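Here the sequence shown stands for residues 1 to 843, where the numbers follow full-length UniProt numbering.
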Amino acid sequence: MSRFLLSFAILWLVNIVSAVPNDLIDLHPVPRHLWDTAAFAKRDDAAGSVALQDHGEFMWASGKDANTMVTAVSMVVYSKQDEKILDLDKIAMVLESVTCGEKMALKFKNKLFYAAAKIAWNWVNFNDQRSFVVIANWEGCGDPKARDPWVVSNAAFDDKTATVTLDSVKSTWQKISNSYTMDFGDIMLGDSSKDKRWLDFDLSKAFTVDLSSQFPSEIANWTLNTPYVDAHLAITCDDCGTEGTVKFSGHIEGSVFGGLDKLEVSATPHGVSAHVGVSLDFHGDVDFEGLPAPGDEFTLLELPLPSGWRVPGVLTFGPNVKINAGYTVERIIGDAHVSTGITASIPDDSIAKVDLASKKKVDISGWKPEIEADPLEASVQIDATAHLYTEVAVAASIEVLDENGVNVEIGIKVPDITVTASAGYNVEGFCKAEPEKPFGVKLDAKLGASLGLQGYTELKGDKDVFLDLTIFETPALYTFPQLCLAFGKQSPGACVPQQHTFDPIDSYPPGGYDDSYDEEADVSKRSVASVKRDETSANDKRDPYYLDCDTKQEFSIRAQNYQKPSVLKKKSYGVPIMKPGMSCTEDESETCTAKQWTIEPLPEDAPDKDRAVVTKYWASEHIYEGNWIRDFIAEVIKSYPELPDDADVEDDRKICKGAVDTFGRALTAKIDTPTPNDAANYSEALMQNIATTWTSRELMALVPQIQNSMKFDMFQGHHLIGNFEKKTLNQKVCSLARAVTVCQYMNHKDIRDRMVKTIGRIEEVLKKLDDDKEVYKPSNIKFVDAHQKWFKDVYQKGFENARTRLASYVASISATDLGKLDPDTKKAVEGAASNCEVVWPLT
C-alpha cells in the first residue's frame, strides 16, 4: 500500500527540491507515568486500570528522563465500532509475564486486578463482531519502539494461575485506527503545567533546521557556440552564503474512511538571511525573445543536517537542505561586466501555517524579505537582459501510518535578480550629466520575491496537484537606482551604427537628403528615433506617407502592420534569416577578412539556439519597401496631364492633377487582398499586397538593421556609409563588407523570389486599376506598364549608386593602408564595386 507522505518545504527561491535521504533516529515509547498524570493517579484502581477504552493515548520521545526537553510525538487513536483499546502500559506493574502470539498469555501477580480484568475483558466473548486491541509493551511482542497492536477476538481465563489467554493477531496502527490525531514538537517531560495534548510547542534545536552555508565562487558558466551564434555568460559569487534557522511544529488528524482530515504544519524563521555578492560577465550577440530562453538549475551544495527521527509505522520526520542556483538568458548583445551585492533577510516574526482541511488552508504572516543592496557597477557598452537566482530548499518529509502520499510545499523566492542593460546613442548626450558624450549604456536592476504553496498527491512519482496558490508575488521588491554610463565614442560590442537611420520611413524629406546631410550630427539625430521604432517594428503608430504635391497632406498612404523580428524568427514562419559574415559592431579592433564578406540564410530547419542570432538590432525587411509605393505614385503623377475642367472628380480629390481620385477614391468593388480588412482605396490595396502581418511568410526576410539601412540608402541614391573618411582602417573595411553584403542580399535567389512575388501582387492590383471605370485616370497611362518601367529603373539605379559609392570609398583609402591588409582582404576591398553587379531580370 502506498504511503501517506507530507513534504513541507521552505525555499529561498523557485522550484521545490526532493528530499535527501537521512539516517533516522528511532524515538522510544515514553513511560506513561512520566506524562499521563491521570493514569498514574488511578494505579490503585483495578477496574479503571484494566477497563477497555474507546480511545488510547500514546507518546514517543527522544528521551525519557523527567523534567527534560525532548522531541516528542503524541498520538490519540480512536477505535472502530465494536472494538476497544487496551494499553498494557497501564497495568504493567501488576503483570508477572506476557507472552505474545496467536495465544497471547497474560499472567497477573495481583488477584484483584485479575478479577477486574476477567469482568472487563469477557465483553469480547459475547459477540463474534466484538474485538479489542492490545498495545503490548513487553519483550517479544513486536517492535519495542513502535509498540505493535494486537487484535483480540476471544478471551479465556484460568483462575488458578490468574492467567488470561487471548486469541490475537498482530496488526498495524493503520488497520486498527478508526480515526487518530497526532502532534509533534518539543515538550518538557514531567511538567504538570503542560496539557496532555499539547497543541503549542516550545520549539528548540531538536526541531531546528540550520541554514548556515557558504556558496562556491562559480555559480554558472554558460556558453553557446554554433556556426551562427557565439555567446557566453559567466556568473561568479564572492562572499556568498546563508545563515539562520527554520523551526517546525505540527498537528495531524485522520480517519480510516476519510484519510487525512486535518494536517497542520507551521514553520518560523530565526535570523534567516542570505548575502549574494554577484558578478555577471556578458559576451555575444544573441536574443531569445520569442524563443525558449536558455537557463539551468543545479545544486551548489548539500548541507549536512542532524538525522531525522521516526516512530516505526506511525510517523517519520526527516529534514534536509540543498543550496541550488539557476539562471536564464534573454539577450546578450555586446560585452560587459556587471556586479553588485545583495543581502536579503526574512523577519523573525514571520510564520507559515498550512492546514489542508481548513477553508483557510494557508495562514502566512511576514516572509516578505527585507533587502539591502550595494550600488550597481558596470563597465563597457552592452544590451542585455539576464535573470539570476540562488535557492535554499529546506524540507521536512513526514510519513503518517503508511497511507497514501500527500505533499505540501511552500516556497519563498528571493532574491530573483533581473539585470537589464540597454545601449544607445543620443547626439545631445546619452546621460544627462554628460551631454558631450553621445554613446552610452543604461543599467537597470531589480530584485523580486514571491511566496507560493502547492499541495499534491503522489503515487509512483506522478503528481496530482489539488492546491496551487500564490500568496504574494513582487517582481520589483527592490529597484536599484538607474546607472547611466556615457562614452565619447562607440564602445566594443555596441551595435549602434554611426551612420544613416535604420528607419527609412518619414526620416527624409521629400526628394531625400543631399550629401551634406551625411554629417555626423544630423545623421545621428535621425538614428535615435529609428532605434525606438525598430525595437517594436509593429508599425501601429507610424506616420503615413504623403505625396510631395499634397502640400496640405490631405491624402495619406498608410503603412500596414507587420511582425517584429522576435516573432518572424520562429521556425513556424519560414522567413529567411539572412546572416552576414561580420558583426554589427563599429569597434575599432573589429576585423572583417575576405571570408567574412558573405550573407547567407540560416538553414530552414535551424534550431532555436541558432535563431537567437536575431536580436533587437535586426529588422523585419520588406524587400519591396513601403515607401516605393509612394515613390511610384509620385513618379506616375508626372505623366498626368492637367486635370480637365469636366473631369468627374470631387474638389477634395483634384489634388495632384486628380491622382488623389485615382488612388484615394473609395472603392465601389471589393479588391481581393490577403488582409482581413477590405482596402478603402487603391493606395491601401497596394500597401496590403507588400509585406504585412498577413503576407510576411512569403514576402519578408530578416536582416540586421545596419544592412537594412544601407539598402534604403542604396535605392534612394544616398551615401551607403556615413563619415567614411573619418573611420579607422578596420572600420572602413567592415563598412565596405557590409555594403557589399547588401548587394549580395538583394541578388540572393530567396530574396529575388520574394521580390518577384511582391511585384506580382502589386501588378494584380494595378491591372484592376487599369480596368476600373469608376475612378479618374488619364487615358494615356497603363499602370502595370508604368510600374514595370519605373521599378526596373529604380532597381538598376540602386545598384549603380552602390557601385559608384563603393568605388569612391575604395579610392579614398591610401596605398599605405591597403598594404596593411592581407592579400585576400585587399583584393576584396579593391573589387568591392564589382561585387555589386545587379542580377536582372529577377527571375
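C-beta atoms are modelled at their ideal positions from N, C-alpha and C, and glycine is treated no differently. Quick caveat, the model's predicted, so the values are computed rather than measured.
Host alpha helix (DSSP H) of Val229 (start-end)
The residue you call residue 229 lines up with position 229 of the sequence shown. That residue, Val229, is in no alpha helix (DSSP H); it is neither H nor E in DSSP.
Rounding to the nearest angstrom, what Cα-Cα distance links Arg808 and Gly819 in this structure?
As a working note, residue 808 is residue 808 in the sequence shown. As a working note, residue 819 is residue 819 in the sequence shown. Looking at the sequence provided, one finds Ser at residue 808 rather than Arg. C-alpha separation (whole angstroms): 18 Å.
Apart from the five residues just before and just after Thr161, which ones in its own chain have a Cβ nearer than 6 Å to its Cβ?
What you label residue 161 is simply residue 161 of the sequence shown in a count that begins at 1. There are no such residues.
Is there contact between the segment 819 to 836 and the segment 732 to 752, where contact requires at least three CB pairs shorter than 8 Å?
yes
Could you have a look at Tyr776 and say whether DSSP puts it in helix, strand or coil?
Counting from 1 along the sequence shown, the entry for residue 776 is found at position 776. Note: Tyr776 maps to coil in three-state DSSP.
So Gly284 packs on Asp230, CB below 8 Å; how close in whole Å?
As a first step, residue 284 is located in the sequence shown; it is residue number 284 there, counting from the start. As a first step, residue 230 is located in the sequence shown; it is residue number 230 there, counting from the start. Confirmed, about 6 Å.
How many angstroms separate the CA atom of Pro580 from the CA atom of Ser572?
Taking the sequence shown and counting its residues from 1, the one referred to as residue 580 is at position 580. Taking the sequence shown and counting its residues from 1, the one referred to as residue 572 is at position 572. CA-to-CA, the gap between Pro580 and Ser572 works out to about 22 Å.
Report the rounded CA-to-CA distance for Met578 versus Asp770, giving the unit in angstroms.
On the sequence shown, residue 578 is found 578 positions in, with the first residue counted as 1. On the sequence shown, residue 770 is found 770 positions in, with the first residue counted as 1. Near 37 Å, if we compare the C-alpha coordinates of Asp770 and Met578.
Reduced DSSP category for Pro674 - H, G, I as helix; E, B as strand; rest coil:
For the purposes of this step, residue 674 is identified with residue 674 of the sequence shown, where counting begins at 1. Reduced to three states, the DSSP call for Pro674 is coil.
Buried versus exposed call for Ile655 [16 or more other C-beta atoms within 10 Å across all chains shown]:
For the purposes of this step, residue 655 is taken as residue 655 along the sequence shown, with counting starting at 1. When all chains shown are included, Ile655 counts as buried.
Measure the alpha-carbon distance for Thr226 versus Asp287 and round it to whole angstroms.
Within the sequence shown, the letter at position 226 stands for residue 226. Within the sequence shown, the letter at position 287 stands for residue 287. Spanning the two alpha carbons is a distance of roughly 14 Å.
Who are the near neighbours of Glu590 in its chain, counting only those whose CB is closer than 7 Å to its CB and skipping five residues on each side?
Position 590 of the sequence shown, counted from the start, is the residue given in the question as residue 590. Leaving aside the five residues that flank Glu590 on each side, the residues in its chain whose CB is nearer than 7 Å to its CB run, in chain order, Ser583, Asn730, Cys734.
Tell me whether Leu602 sits in a helix, a strand or coil according to DSSP, three-state version.
Within the sequence shown, the letter at position 602 stands for residue 602. In the structure shown, Leu602 sits in coil (DSSP, three-state: anything other than H, G, I, E or B).
According to DSSP, simplified to helix, strand and coil, what is Phe715?
Counting from one through the sequence shown, the residue named residue 715 turns up at place 715. Helix at Phe715.
Kindly indicate which residue of Glu243, Asp26, Glu428, Ala433 has the alpha-carbon position closest to the one of Asp348.
Here residue 348 refers to the residue found at position 348 of the sequence shown. Taking only the C-alpha atoms, the option nearest Asp348 is Glu243.
Please classify Asp335 as buried or exposed, where buried requires at least 16 neighbouring CB atoms within 10 angstroms.
Within the sequence shown, residue 335 is the residue found at index 335, counting from 1. When all chains shown are included, Asp335 counts as buried.
Comparing C-alpha positions only, which one of Gln688, Lys170, Asp54, Asp45 sits nearest to Ser153?
Stepping through the sequence shown from its first residue, residue 153 is reached at position 153. Comparing Cα positions, the closest option is Lys170.
Which residue comes first and which comes last in the alpha helix (DSSP H) that contains Asn627?
As a working note, residue 627 is residue 627 in the sequence shown. Where Asn627 is concerned, the enclosing alpha helix (DSSP H) stretches over 626 to 637.
Between the Cα of Pro565 and the Cα atoms of Asp824, Thr693, Ile637, which residue gives the shortest distance?
Residue numbering aside, residue 565 sits at position 565 when the sequence shown is read from its first letter. Residue Thr693 is the option with its Cα nearest to Pro565.
Give me the residue from Asp610, Asp82, Asp605, Pro435 with the minimum Cα distance to Gln53.
Here residue 53 is taken as the residue at index 53 of the sequence shown, counted from 1. Among Asp610, Asp82, Asp605, Pro435, the Cα nearest to that of Gln53 is on Asp82.
Residues that DSSP places opposite Gln53 in a beta bridge:
On the sequence shown, position 53 is the one that residue 53 refers to. In DSSP, Gln53 forms a bridge with Ile85.
Does the separation of the CB atoms of Val70 and Ile252 fall below 8 Å?
Position 70 of the sequence shown, counted from the start, is the residue given in the question as residue 70. Position 252 of the sequence shown, counted from the start, is the residue given in the question as residue 252. Taking 8 Å as the Cβ cut-off, Val70 and Ile252 do not qualify as a contacting pair.
Just to check my reading of the structure: Glu434 and Ala486 have Cβ atoms closer than 8 Å, yes? What is that Cβ distance to the nearest angstrom?
Your numbering for residue 434 matches position 434 in the sequence shown. Your numbering for residue 486 matches position 486 in the sequence shown. So it is a contact: roughly 4 Å between Cβ atoms.
According to DSSP, is Phe502 helix, strand or coil?
Position 502 of the sequence shown, counted from the start, is the residue given in the question as residue 502. Reliability fails at Phe502, whose pLDDT of 36 lies under 50, so the model's placement of it is uncertain and the value that follows must be treated cautiously. In the three-state scheme derived from DSSP, where H, G and I count as helix and E and B as strand, Phe502 is classed as coil.
Assuming Ala647 and Gly658 are in contact, meaning their beta carbons sit under 8 Å apart, how far apart are those beta carbons, in whole angstroms?
For the purposes of this step, residue 647 is taken as residue 647 along the sequence shown, with counting starting at 1. For the purposes of this step, residue 658 is taken as residue 658 along the sequence shown, with counting starting at 1. Indeed they touch by this definition, with Cβ atoms about 6 Å apart.
List, from N- to C-terminal side, the beta strand (DSSP E) runs of 3 residues or more that fit wholly inside the UniProt domain "DUF7029" (79 to 181).
Residue ranges of uninterrupted beta strand (DSSP E) with 3 or more members, entirely inside the UniProt domain "DUF7029" (79 to 181) and ordered along the chain, are 83 to 87, 95 to 99, 103 to 108, 131 to 135, 149 to 158, 163 to 170.
CB contact flag (Ile623, Thr758, <8 Å):
As a first step, residue 623 is located in the sequence shown; it is residue number 623 there, counting from the start. As a first step, residue 758 is located in the sequence shown; it is residue number 758 there, counting from the start. Yes, these two residues count as a Cβ contact at 8 Å.
Asn835 versus Asp824: straight-line alpha-carbon distance, rounded:
Locating residue 835 in the sequence shown gives position 835, counting from the first residue. Locating residue 824 in the sequence shown gives position 824, counting from the first residue. So the alpha carbons of these two residues sit roughly 14 Å apart.
Can you give me the C-alpha to C-alpha distance between Ala51 and Trp121, rounded to a whole angstrom?
In the sequence shown, counting from the first residue as 1, residue 51 sits at position 51. In the sequence shown, counting from the first residue as 1, residue 121 sits at position 121. The alpha-carbon atoms of Ala51 and Trp121 are separated by roughly 8 Å.
Hey, how far is the Cα of Asp128 from the Cα of Thr68?
The count along the sequence shown starts at 1 and reaches residue 128 at position 128. The count along the sequence shown starts at 1 and reaches residue 68 at position 68. Near 46 Å, if we compare the C-alpha coordinates of Thr68 and Asp128.
Could you say which of Glu57, Leu166, Ala117, Pro149 lies nearest to Pro180 if we only look at CA atoms?
Taking the first residue of the sequence shown as position 1, residue 180 is located at position 180. The amino acid occupying residue 180 in the given sequence is Tyr; Pro does not appear at that position. Considering only alpha carbons, the answer is Glu57.
Rounded to whole angstroms, what is the Cα-Cα separation between Glu436 and Arg738?
Sequence index remark: in the sequence shown, residue 436 carries index 436 (1-based). Sequence index remark: in the sequence shown, residue 738 carries index 738 (1-based). The straight-line gap from Cα to Cα measures roughly 29 Å.
What residue from Phe113, Trp123, Val133 has the CA that sits closest to Met104's CA?
As a first step, residue 104 must be located in the sequence shown, where it is residue number 104. Residue Val133 is the option with its Cα nearest to Met104.
For Gln796, which residues of its own chain have a beta-carbon under 8 Å away from its beta-carbon, when the five flanking residues on both sides are left out?
Mapped onto the sequence shown, residue 796 falls at position 796. Closer than 8 Å at the Cβ level, and outside the excluded window around Gln796, lie Val838, Trp840.
If I'm right that Ile671 touches Val765 with Cβ under 8 Å, what's the distance once you round it to whole angstroms?
Here residue 671 corresponds to residue number 671 of the sequence shown, with the count starting at 1. Here residue 765 corresponds to residue number 765 of the sequence shown, with the count starting at 1. Confirmed, about 6 Å.
Between the alpha carbons of Asn426 and Gly440, how many angstroms are there, rounded?
Working through the sequence shown from its first residue, we reach residue 426 at position 426. Working through the sequence shown from its first residue, we reach residue 440 at position 440. Rounded to the nearest angstrom, the two C-alpha atoms are 8 Å apart.
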